Amino acid sequence: MIRYQALIERDGSSYSVSFPDLPGCFSSGDTRPDAAENAREALSLYLEEARDPKWDIPSPKARKSKRYVWIHPYVDVAVPLMIRQARRSRGLTQKQLAQRLQITLQQVQKLETPGRSNPTVKTLSAISEALDEALEIHLVA
Numbered sequence: 096m097i098r099y100q101a102l103i104e105r106d107g108s109s110y111s112v113s114f115p116d117l118p119g120c121f122s123s124g125d126t127r128p129d130a131a132e133n134a135r136e137a138l139s140l141y142l143e144e145a146r147d148p149k150w151d152i153p154s155p156k157a158r159k160s161k162r163y164v165w166i167h168p169y170v171d172v173a174v175p176l177m178i179r180q181a182r183r184s185r186g187l188t189q190k191q192l193a194q195r196l197q198i199t200l201q202q203v204q205k206l207e208t209p210g211r212s213n214p215t216v217k218t219l220s221a222i223s224e225a226l227d228e229a230l231e232i233h234l235v236a
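Under the working numbering, the first residue of the sequence shown carries the number 96, and numbering increases by one thereafter.
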């Protein structure tokens with residue numbers, strides 16, 4: 096599952112949040128839990144802008160500090176990006192994946208677009224088989 100570390104720091108009476116791997120992605124909250132939830136929303140909005148299929152999704156780096164926490168984006172953002180990453184790791188174009196799945200190029204484009212994709216379990220299984228790769232999805236509430 097896609098996730099990034101957020102740096103949560105006390106900032107006076109509130110908490111500020113930044114993502115070192117994602118320039119310009121930040122948030123805040125009155126409490127540490129509020130800051131973490133707001134960070135999830137900020138991360139999701141940042142990644143949702145990844146509508147360009149050529150955009151390289153930044154690789155998260157692990158940092159060792161209690162000030163860093165792992166944040167998962169919303170599932171409707173994470174799943175399309177996971178599909179894109181899996182396809183690209185196999186060196187396939189969207190057109191090639193569409194041929195393997197026997198669907199249109201436009202359907203693949205939609206499957207890989209954050210905020211527009213809503214694949215069924217059956218579709219995810221077909222993608223996994225077409226890519227010969229296990230797509231592991233962990234739902235995070």
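Where is the CB? At the ideal position from N, CA and C, for every residue including glycine. Just so it is clear, the structure is predicted and the values come from calculations on it, not from any experiment.
- The residue from Arg211, Arg135, Glu224 with its alpha-carbon nearest to that of Ala193 is Glu224.
- Ala101 sits in a strand when the DSSP states are folded into three classes.
- Here Ser113 has Leu102, Phe121 as same chain residues with Cβ atoms under 6 Å from its own Cβ, once five neighbours each way along the sequence are excluded.
- Under the 10 Å beta carbon count, Ser139 is surrounded by 16 or more other beta carbons and is classified as buried.
- The DSSP-derived three-state label of Asp129 is helix.
- In the displayed model, Tyr169 falls within coil according to three-state DSSP, outside both helix and strand.
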